[in-house]
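Enquirer: Handing you a structure now.
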Amino acid sequence: MPAPTFTLPPQYDAKGVEPRLYRRWLESGLFTARADSPREPYVIVIPPPNVTSVLHMGHGLDNVTQDVLIRFERMRGREACWLPGTDHAGIATQNVVERMLAAEGKTRFDLGRERFVERVWAHVRATGDTILEQLRMIGCSCDWSRTRFTLDAAYSRAVREAFVTLWEQGLVYRGHRVIHWCPRCLTALSDEEAEFGDPEPGTLYYVRYPFADGPGELTVATTRPETMLGDTAVAVHPSDDRYRALVGRRVRVPIANVEIPVIADPAVDPAFGTGAVKVTPAHDAADFEIGTRHGLEMPLVMTEDGRMEDQAAGGSADGGRVPASLRGLDRFEARRKIVELLQAQGLLVRTERHEHALRRCYRCEAIVEPRLSDQWFVRMQPLAGPVMAGFRRGDFRIVPERWVATFEHWMEHIRDWNVSRQLWWGHRIPVFTCTACGHTWADRRDPERCSRCGGAVEQDPDVLDTWFSSWLWPFATFGWPERTPDLARFYPGHTLVTGPDILFFWVARMLMAGYHFMGQRPFRTVFLHGIVRDTRHRKMSKSLGNGIDPLDVVRLYGADALRWTVIAGMPLGQDLILDPDDLESTFAPGRNFANKLWNIGRFILAQLPERVPAIEEIAGDQLTLADRWILTRASRTVAAATDSLEQFRLDEAAKRCYDFAWKELADWYVEAVKPRLTRDAAPWPAAQAVLLHCFDTVLRLLHPVVPFITEELWQQLPGRRPDELLAGAAWPRPRPDLEDEDAEAQFERVKQAIERIRSIRADYGVPPRVRLRARIVPRGADRRETFEGERETIVRLAALSELALDGAPGATPGPGAHAVFGDASEVFVALEGAIDLGRECRRLAEEIARLDRQLAALGAKLTNPNFVTRAPADVVAREREKERTWREQRDLLAGKLQALGCS
RNA sequence: GGGCGAAUAGCUCAGCGGGUUCAGAGCGCCUGCUUUACACGCAGGAAGUCGGGGGUUCGAAUCCCUCUUCGCCCACCA
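Quick note: the first sequence, position 334, residue 897 per my numbering, numbers continuous.
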């Protein structure tokens, strides 16, 4: 045996290896895509994490998935560009800094806009690279030379260009309507940002509105009594006979003490409550519609932070609705107070329990307050059309397909997008108004004076929705609106990997921006993976405290273990369930696998000399059955893994390679080859060449999933140039020239025989030192020659089972019971040794009985005329074949039973 | 109120166009192993009426209907 040229420790030390290898990858420049490369590009743009965020498992899953794809394509020879970066995340980031200020007892208003924004920038500069650093820790092969931030100067230019272009195209307008307002963040939200929470128990209040023009009253039902101060009508359904006569009369709003009309509107559901609904146009989107139809007043009765007060804005001169006793009260406080007042005045008829879902701010979870205000909107229908047309043409696809229906529904029912936010952190809206003549326009540059009258100008104080910048990500990152070489080369991109939770926020809008501004799709495939959940299927989140810190996992088990777990545990489109309370059993499989590879490597490397012949240099007659089997399996694994990756079944690819490395290469081939390698003469070079070929192949296949351990081992393989990296090596191809179907089938039978022997040993408790004697003979005279040719291999493999074979070296025939065992294959194994005959007889009898039962059932099937005539011929043939095999098996067992001397 | 997904071993999941890789894998469990790559290992083993019910078919974990339970998305019943 050649002396090992080095000694590797028996356990793989991920911590010591990973940072070193990552540095080597960086230094090699492999991650940096070249725009002038002749290779076909492959582009993924990262879903930019919020600049203030720290890595969580959701990022881990998302980015490891991207890394697997990008490494796969890079190895396949594509010019792989994985563009990284961060999102300025308007509300989220502003909230973070506001909380920091709050800790100092200050608000953003204390600082003023300019100093506040500076403060945010300082925070971003200090901590903004955190998450990108963390991505390096888990091995992400991003093109760091192209890192972008959605608030960079160049990027800001793109945002501005996009906005002004839309303005010029008439796709931006000022809308005066009820929008979702967060009274905590003090900003408007888009429909998507006002998320429905879980249904909560609430109360439905039945309130009397006395007629102002006569006796009696009208009872309305509401969940939000505080908004009654802003009521400007009571509406009933036009065909509701109960109320038809009342339409046109007037009622008095209690507490607010104003008179309002009773109107008829088809939006009212006569079945809900009393069928009469109070209309608050300034604080309810549906009521706003009614108010618009009927030309109602729309008074605001709350401040921006949700306290009761008459507001001048809202297009109503109708003030004085909020009585002094309620002024300044928080809306929920006011609700309680108003209910009390109503009760005291005998105007509260009754209350009812009423469960309903409330919309909450997606950043701070405050209950959203619908509020009438002026905002900038983007018309979405003109943008959605080309996307759907492209989708129907097959420009891009969504994987897995079940999201298609959701996507289509949203696109087809798309509503205009409120893009203005009353924040300070973000892209300031480039709309300017002349203080003199009132002219309003959008501008690519900050104007000094009004373009019409030369008067002073004021810029809109609001900023753009953060998604208004990220929807440009696939091209703004490459330099748009400049026509850069990068843009020409890397747009359109290829795969967009993200979770379905931002399908509308981001993916759909990127598609719209891509088609609208670039004239073509931004990517070919949208790959939506699942969401990370805990064992109770709850989303992992900080607030629930059920999160797993990916960096803890890296420290404890290594980045490869983390990567293995998220990839192997994530079937296409399914959620990933991880147990935060048991990191060991969640991540140990990945660590164990890395260690297994390590030890396969340790063994193989110890066997290989400096120069190992290439597999092509080995003559066919040098290859044993085991050699041809493992080469065949290697080739098939390459084909299967490649196919799975192409179909985004990453888990399948990973597991297939795992099985090949562990269950085939390590468990069988390495064991089979040991006798050959540890004996002197023999066909060494062939075994070495096969070992090297197979190990090299599986390292390549596994590299995208577990890049560190594979690179570390690959570096040690003989014949590597010092500057060669697995990360830049070629993806393997299937080798039909090395496949041998017969060898594959034959070796499977050998495996079966050996497994049977091992099973017998265990069943009968044959001590390890006691050798069983066995004779292996082929079944069927016609196969004898073929089989004899493989005898050597079988003898060696049998040796692993502590089995002495007739004719094998060291086998000593002796007296004793002679039993004949077999499996369903063509291999008979004759054993001699200490065996509990009685037990074996009972086992055989049971097995025979079972076969008899199966044969009876099968016989019935085969004599069923329906089956014979209607099932396809090949199916019938297979069933007949099965029957024959079972019968043979049964006879065989019966023979054994007889041979054992029991009846 | 609509739509979607899931239900298979104790746990997490495969099984992708109905018939030999149809009852599987990993973890866990049980029994043996200091076998000179690996105890993060090796060998062997137990374990499931494929959520309930109905249907289609010669044949269903697989297709259809229905019920139950979980999860998600969409929605202007105040």
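Glycine is no exception: its CB is placed at the ideal position from the N, C-alpha and C atoms.
Fair warning: this is a prediction, and the values are worked out from it, not measured in the lab.
Go ahead and pull the three-state DSSP assignment for Glu822.
Expert: strand
Enquirer: For Gly648, write down the residues that DSSP places opposite it in a beta bridge.
Expert: Arg711
Enquirer: Quick one, are the C-beta atoms of Ala1111 and Leu1141 less than 8 Å apart?
Expert: What sits at residue 1111 in the sequence shown is Ile, not Ala. In this structure, Leu1141 lies closer than 8 Å to Ile1111 by Cβ.
Enquirer: Determine which residues share a DSSP beta bridge with Glu780 and list them.
Expert: Beta-bridge annotation (DSSP): Glu780 is paired with Pro773.
Enquirer: Tell me, please, whether the stretch 808-816 touches the stretch 781-800 by the rule of three or more beta-carbon pairs shorter than 8 Å.
Expert: yes
Enquirer: Name the residue from Ala717, Leu618, Phe1271 and Leu1213 whose alpha carbon lies nearest to the alpha carbon of Gly579.
Expert: Phe1271
Enquirer: Count the other C-beta atoms from every protein chain shown that fall within 10 angstroms of the C-beta of Arg936, then say buried if there are 16 or more, exposed otherwise.
Expert: The residue asked about is misnamed: residue 936 is Ser in this sequence, not Arg. Taking all protein chains in view, the Cβ of Ser936 is crowded by 16 or more other Cβ atoms within 10 Å, so the residue is classified as buried.
Enquirer: According to DSSP, simplified to helix, strand and coil, what is Gln1022?
Expert: Assigned with DSSP and collapsed to three states, Gln1022 falls in strand.
Enquirer: Label Ser704 either buried or exposed according to how many other C-beta atoms from any shown protein chain fall within 10 Å of its C-beta, with 16 as the threshold for buried.
Expert: buried
Enquirer: Helix, strand or coil, according to DSSP, for Ala907 in the structure here?
Expert: helix
Enquirer: Which residues in the same chain as Arg899 place their Cβ atom closer than 6 Å to its Cβ, once the five residues preceding and following it in sequence are excluded?
Expert: none
Enquirer: Three-state secondary structure (DSSP) at Arg723?
Expert: helix
Enquirer: Can you tell which of Ala689, Gly1001, Gly1291 and Ala929 has its C-alpha closest to the C-alpha of Val614?
Expert: Ala689
Enquirer: Where does the unbroken alpha helix (DSSP H) through Ile853 begin, and where does it stop?
Expert: Ala848 to His857
Enquirer: Under DSSP, the beta strand (DSSP E) around Lys841 begins and ends at which residues?
Expert: Secondary structure note for Lys841: its beta strand (DSSP E) is the uninterrupted segment Ala839 to Val842.
Enquirer: Which value, in whole angstroms, describes the spacing of the CA atoms of Gly1056 and Asp1214?
Expert: 24 Å
Enquirer: Give a yes or no on whether the C-beta atoms belonging to Arg1154 and Gly1121 are separated by under 8 Å.
Expert: yes
Enquirer: Identify the residues that DSSP records as bridge partners of Cys1016: which are they?
Expert: For Cys1016, DSSP records no beta bridge to any residue.
Enquirer: Along the chain, where does the alpha helix (DSSP H) containing Asp1115 start, and where does it finish?
Expert: Pro1113 to Tyr1120
Enquirer: What residue from Asp1206, Gln1083, Trp973 and Gln908 has the CA that sits closest to Gly1515's CA?
Expert: Here the chain comprises residues numbered 564 to 1466, so residue 1515 is not present and cannot be evaluated.
Enquirer: Tell me whether Gln1278 sits in a helix, a strand or coil according to DSSP, three-state version.
Expert: coil
Enquirer: Give the DSSP bridge partners of His917, in chain order.
Expert: Gly765
Enquirer: In this structure, what does DSSP give as the bridge partners for Cys745?
Expert: According to DSSP, which records beta bridges pairwise, Cys745 is partnered with Thr750.
Enquirer: Take Leu905 as the anchor and find which of Ala819, Gly953 and Pro933 has the nearest alpha-carbon.
Expert: Of all alpha-carbon atoms in Ala819, Gly953 and Pro933, the one lying nearest the alpha-carbon of Leu905 is that of Ala819.
Enquirer: Near Thr785, what residues of its chain come up, given a Cβ to Cβ distance below 6 Å and the 5 sequence neighbours on each side ignored?
Expert: Tyr768 and Lys841
Enquirer: Can you give me the start and stop residues for the beta strand (DSSP E) that Phe1090 sits inside?
Expert: Thr1088 to Leu1091
Enquirer: My assumption, with CB atoms under 8 Å, is that Met865 sits in contact with His846. Please give the rounded CB distance.
Expert: Between Met865 and His846 a beta carbon distance of about 7 Å is seen, short of the 8 Å cut, so the two are scored as contacting.
Enquirer: Between the C-alpha atoms of Arg602 and Glu642, what's the straight-line distance to the nearest angstrom?
Expert: 5 Å
Enquirer: For the alpha helix (DSSP H) holding Ser1198, just list the boundary residues, first then last.
Expert: Unbroken alpha helix (DSSP H) run through Ser1198: Leu1188 to Glu1209.
Enquirer: Evaluate Cys745 with the Cβ neighbour count: other Cβ atoms within 10 Å of its Cβ, from every protein chain shown; 16 or more gives buried, anything less gives exposed.
Expert: buried
Enquirer: Do Val1236 and the ligand ZN come close, with the Cβ less than 7 Å from some heavy atom?
Expert: The ligand ZN is not part of the structure shown, which contains no ligands of any sort.
Enquirer: Spatial neighbours of Phe774 within its chain, please: CB distance less than 8 Å, with the 5 preceding and 5 following residues excluded, ordered by chain position.
Expert: Glu780, Leu781, Arg812, Arg813, Val814 and Arg815
Enquirer: How about the stretch 961-970 and the stretch 725-733: do they share at least three Cβ pairs that are nearer than 8 Å?
Expert: Contact between the stretch 961-970 and the stretch 725-733 is absent, because fewer than three Cβ pairs lie under 8 Å.
Enquirer: State the DSSP-derived secondary structure class of Asp1345, mapped to helix, strand or coil.
Expert: Summary for Asp1345: the model assigns pLDDT 34, below 50, so the residue's position carries little reliability, and this model does not support an answer.
Enquirer: Is it true that the stretch 976-986 meets the stretch 937-953, where meeting means three or more beta-carbon pairs spaced less than 8 Å apart?
Expert: yes
Enquirer: Using DSSP bridges, identify the partner residues of Met871.
Expert: Met865
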